[in-house]
Structure formats: C-alpha cells, structure tokens
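Residue numbers (my numbering), protein chains in the order written: chain H, 163 to 465; chain U, 163 to 465.
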C-alpha cells in the first residue's frame, strides 16, 4: 500500500525564499488527505501534479493564516470544477463561520456538500475512521487552540506464502478466507493450519503531524514509535528564547521529541524567514536524532 | 512622474498554466496601489520585487474569491513585519466583516490600523483624493456588487523652459513660484510673463480597471479617453453566450469598449482556464482595437 507524504509548503508564517506556508499532502493508496492549507496550496498542488479529485479530507491545525489561507481558494476551485462528492473539513471552532461568511457575500451555493467537524484541543480524539486508516487529533501547545493529527494505518491482512499455495494446490477462491485467518480444508478432509500458509501482516504504519507548538513532553506518548514524525522547528537552538516567546519549537526540541518517542524518522519544517540556509537546522537535529530530514517542497517521503 | 502598472495575476477564476488570479500593482512615483488581490498576490509581489512597504491603498473590485483571497495573507504579512502606517482598504460591503471574522479566531491585534471604506455599485464616486492623484469607483455589471476603479493623475505644474532661465538669469529660488504660474520680476523691475518662461503641463494621465463585467456601454463615458484601459476578456468571441451567462466579457466586447471610449491602449486579462494559448484573444481584440496588449504577469506597462 502506498503511504506517502508530499510537502507542499515548508515555510513559517512569512513566506520567503520561494518557500510556501504550511501544507502537507498524504496519499494512502490513492486516497488523499490534506493537512493544513496555507496560501497558494492549490497552486502548489498543481505544480506537483497532485490531483484534487482524490482529496476528500482536509485537516486544519489552527486558525493562524499561514495554516489555512489557501482553504477558501481550494473550496472555490472544487466548486468551479463542479465537484459533487462531499468534502470533509476538520478544524477548530470558527473555521466554519469564516467559510460561511465568505459565502454570504460571494453568494456562493456550492456544487458539493462540505461536512465540517470541529476539533478541540483539550484531549486526543478519533476524528476519522476509515476501513484502512484512522485519524486522531491531539492537543498542541500554541498561542491559540491548535491540534496535531495522527494518521494510523489499520492492521492489514495476513500475507499468503505463495509456495504453500502451490504445495497444497489451494484454489484462488480460498485465498481471501485464508488472508482473513482461516485454515484450509482440502477435499480429503485434511486441515492445513493458517499459520503454515501465511505470514503476519506488516506492522501498521503511522504518521504524526505536529504543526505549530512549543516543546511539550506530553507529545512523546501520543506520537510514540510513529514511522514518520513531522515536528515544526521554526527556530535554531540559538533562538530558543524567541521560540518560547512565540510558542514555537527549536531544532533541538523537535529532535528531542523524535528521540524520546522513538520515531523512525523526523521531518522538520515551518522555518522562520530569518533563515535562508537550512543546513544548520539539519545539523542541529541530527546531533540529537540522526534520522532527521528537512521538509522540502515537492519532495515525496515514503512512510 | 512614474506611472506604471505591473500585472501580478491575469487568470480568471481557475488558476491555470501558471497564471494567477487577478491582481494589478500601480506605481505612481513610488506610491503603491494594489488593485484586487487574488490568492498568492504576496508571493507574486515578492517574485516581481514589488516592495510592500510602498503600499498604502488596496482596492477590491468584488467579493469573488479570485479577486481577494490573497488579502488576508497580505494583511498578515504586514503585521508580521511590524507595519505601523495605516492601510486603506476600499471594497464592497462584507469585506470588513470577513477580515474581522478572521481576526476573531486568530486573536489578531494588528500592529497598524486598517481603514475600511465601503464602495458601492450604484454610482460613480470619488473614493480617494491625493495631492497628485484621484481614485474613483464606478459600477460594473457582474453577478454580485462589483466596481471598477479609475485612477486620474492631477493636472501637473507648468514646465520650465531651461533656455529662458539662462537668458534672464533667473535664480533657482524663483523656480517653484514660476512653475506654479507666477511671472518673474527681475531686480530692475522688468516683468517676464510666465507664458514666456514655461510650457503647459503634460496632459494628466488616467488608468481604468474594469474587472469582472459583462459588456455595458455605460462604461464608455466613464473611461473616456483614458491612457490605459484594463478590461476583462474572459472569453473569446466564439464563447459569447457563455460570457453572457456568467456576466463576463469577450475579446470583441472589451475591444469595443476601448474603441468607443477612445482609449489610448487596452490591456485584456482574466483569461478563462479553457485557453492556454492567448494569441487568438489578442488577434480578436486587434481586429477591433489595434492598440491592444495581453496582460502578462510580471510585465510593466508604462501609462
């Protein structure tokens, strides 16, 4: 199953050096999930050949503009293209009011329904449960109500061992039941146990998105052992007091969360406009957590 | 005096082929005026080296998203850069409510004041009167309340004839008074009449912006003899019925307004996403009004 992340925007609040405000696109086997939607996200999607039609779920972490000023443009683009399938938008209180205030004056009647779901920043909760994936929101620690999002693949089916299928001459019609855990009864009444025919499924994968937040060790348990952790690192370590003042994190703090949570990989982003070159960001993180990558726009990260 | 227009966005409602939604930047001798502010306008300004600090006046023609979804980003960018001087925003009823609804949830307290002025689409009116320029709004004919904007240079000072200054040995301290129309009294009591020392000022220049509108001959009088007329031409002539249905104009209609108003030059834009190549747009306009130019992003048009 494809499970991959494309960075559409890796900038902090002030776009600079051709970096764009926050937006991540998650592709799970053709199902699209957009996480934050800074200004020009629709242009970034076009630039990186991401098909809007595949997108049914949009998650907004908080109502600072660099995380959602592209949402109205995306909603409009869907409408202008006569979208019919519902769009599900998850975000803090106020997002629906902002969208509806726009519609009031543009006299917009959409070609498709929007389902708004209000996230809340007081506790972790499941906000989406699909057959193959769940999404949870969880509290972050910023100046206004903010949540992160945790995408967890569901446990897959057991994997067939092809040689055994040949050995016992098992018909194709039986395969689905065996993947679900069933034993095989051949026509002579012999039972072949499932554990001989299959291997356990792959370990379910997880991606956690920690947009704007100050350092907080509560996050360690929530993002425990994820395959890919995105954690903002707006500032280098030398600007730690500025990070604290603005409720943001430093490189070292992001890497510490990754290390303590035993994440497989860390991606950092939301770079302040004061830094053009990001090599020190990377070096600082690697000093704590070697498996760190820089968020780079257009780059695809396999989970 | 510099009086020049930079096109930041020339696309219709659906951005395509790397064309961006509507936005024009007008520079009058270092004073900046932004006319419409589609999504990603702040990025386009950065791309084309337009300094935000020079911008004090923003004009929004109507509340369809492709004309103002970049405004919140621009307002935020000013705030993040600690702007102090007031920003004056002219637009239809509802714009202030939309902006304030954003602030309510982002808990934004701006570093600078915004003065909102509500335009109305029932009659032409003066909305800004500066020492060197006036701006008027005027009704357009679209699906929701929409205005165009007319920028008129004020009559300049008379121009000094340098040879006469030498001939009468006129001191520099007298020049300002002569430019204002005064005669020159030399120390012997001889009066040299102003008309001998000066030439009449250049004819004041004008730029008219007709954003989304269907063809309407009322515009001819309003934009009479402007030096540069921008008129949308969303559709080619073959799609005239689609233009009518959506309250937009065709190439031929835009060019007809330019011809009937005896404009010096016409710029067309707001191209529908159905057209990648625009050479036929240009050819159709030129067949009616030869002095037509295509709006191209980043291009500077001297007025």
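Glycine included, C-beta positions come from ideal geometry on N, C-alpha and C. Here the structure is a predicted model, which is why all the values come from computation and not from measurement.
Among all the DSSP beta bridges, which residues are the ones paired with residue i?
i: residue 354 of chain H; result: H/346
i: residue 186 of chain H; result: H/169 and H/197
i: residue 369 of chain H; result: H/313 and H/390
i: residue 428 of chain U; result: U/391 and U/454
i: residue 463 of chain H; result: H/167
i: residue 297 of chain U; result: U/290 and U/313
i: residue 360 of chain H; result: H/322
i: residue 220 of chain H; result: H/196 and H/251
Using a Cβ-Cβ cut-off of 7 Å, state whether residue i counts as contacting chain H.
i: residue 179 of chain U; result: no
i: residue 163 of chain U; result: no
i: residue 267 of chain U; result: yes
i: residue 108 of chain U; result: There is simply no residue 108 of chain U to check, as chain U begins at 163 and stops at 465 in what is shown.
i: residue 231 of chain U; result: yes
i: residue 405 of chain U; result: no
i: residue 387 of chain U; result: no
i: residue 202 of chain U; result: yes
i: residue 226 of chain U; result: yes
i: residue 242 of chain U; result: yes
i: residue 344 of chain U; result: no
i: residue 368 of chain U; result: no
i: residue 256 of chain U; result: yes
i: residue 465 of chain U; result: no
i: residue 205 of chain U; result: yes
i: residue 457 of chain U; result: no
i: residue 417 of chain U; result: no
Here's the rule I'm using: 16 or more other beta-carbon atoms within 10 Å means buried, otherwise exposed. How should residue i be labelled?
i: residue 204 of chain U; result: buried
i: residue 353 of chain H; result: exposed
i: residue 181 of chain H; result: buried
i: residue 342 of chain U; result: exposed
i: residue 389 of chain H; result: buried
i: residue 294 of chain U; result: exposed
i: residue 464 of chain H; result: exposed
i: residue 171 of chain H; result: buried
i: residue 163 of chain H; result: exposed
i: residue 192 of chain H; result: exposed
i: residue 377 of chain H; result: buried
i: residue 392 of chain U; result: buried
i: residue 291 of chain U; result: exposed
i: residue 225 of chain U; result: buried
i: residue 345 of chain U; result: exposed
i: residue 407 of chain H; result: exposed
Would residue i pass as an interface residue toward chain U - the criterion being a Cβ-Cβ separation below 7 Å?
i: residue 185 of chain H; result: no
i: residue 262 of chain H; result: no
i: residue 306 of chain H; result: yes
i: residue 246 of chain H; result: no
i: residue 169 of chain H; result: no
i: residue 175 of chain H; result: yes
Quick check: what's the CA-CA separation for residue i versus residue j?
i: residue 165 of chain U; j: residue 427 of chain U; result: 14 Å
i: residue 402 of chain H; j: residue 206 of chain H; result: 31 Å
i: residue 460 of chain U; j: residue 419 of chain U; result: 25 Å
i: residue 433 of chain U; j: residue 174 of chain U; result: 5 Å
i: residue 442 of chain U; j: residue 367 of chain H; result: 52 Å
i: residue 364 of chain U; j: residue 311 of chain U; result: 22 Å
i: residue 325 of chain H; j: residue 360 of chain H; result: 10 Å
i: residue 362 of chain H; j: residue 337 of chain H; result: 15 Å
i: residue 229 of chain U; j: residue 247 of chain H; result: 26 Å
i: residue 255 of chain U; j: residue 259 of chain H; result: 17 Å
i: residue 453 of chain H; j: residue 425 of chain H; result: 9 Å
i: residue 250 of chain U; j: residue 220 of chain U; result: 6 Å
i: residue 222 of chain U; j: residue 196 of chain U; result: 8 Å
i: residue 385 of chain H; j: residue 462 of chain H; result: 21 Å
i: residue 355 of chain H; j: residue 349 of chain H; result: 15 Å
i: residue 423 of chain H; j: residue 313 of chain H; result: 16 Å
i: residue 316 of chain H; j: residue 190 of chain H; result: 12 Å
i: residue 253 of chain U; j: residue 261 of chain U; result: 12 Å
i: residue 451 of chain H; j: residue 421 of chain H; result: 6 Å
i: residue 214 of chain H; j: residue 179 of chain U; result: 16 Å
i: residue 245 of chain U; j: residue 194 of chain U; result: 15 Å
Taking 7 Å as the CB-CB limit, is residue i close to chain C?
i: residue 450 of chain H; result: In summary, chain C is missing from the structure at hand, where the protein chains are H and U.
Report yes or no: do three or more beta-carbon pairs, one from the stretch 328-344 of chain H and one from the stretch 264-279 of chain H, lie closer than 8 Å? Not touching, per the Cβ criterion.
So, do the stretch 167-182 of chain U and the stretch 431-446 of chain H have three or more beta carbon pairs nearer to each other than 8 Å? The count of Cβ pairs closer than 8 Å, one atom from the stretch 167-182 of chain U and one from the stretch 431-446 of chain H, stays below three, leaving the stretches out of contact.
Say whether the stretch 404-418 of chain U touches the stretch 443-458 of chain U, bearing in mind that this needs 3 or more beta-carbon pairs closer than 8 Å, one atom from each stretch. At 8 Å Cβ cutoff, the stretches touch.
Using 8 Å as the cut-off, can you tell me whether the stretch 296-313 of chain U makes contact with the stretch 368-388 of chain U, which would need three or more C-beta pairs spanning the two stretches below that distance? The stretch 296-313 of chain U, when compared against the stretch 368-388 of chain U, does touch it at the 8 Å Cβ threshold.
Does the structure place the stretch 276-291 of chain U close enough to the stretch 302-316 of chain U that three or more beta carbon pairs sit under 8 Å? Yes, the stretch 302-316 of chain U touches the stretch 276-291 of chain U.
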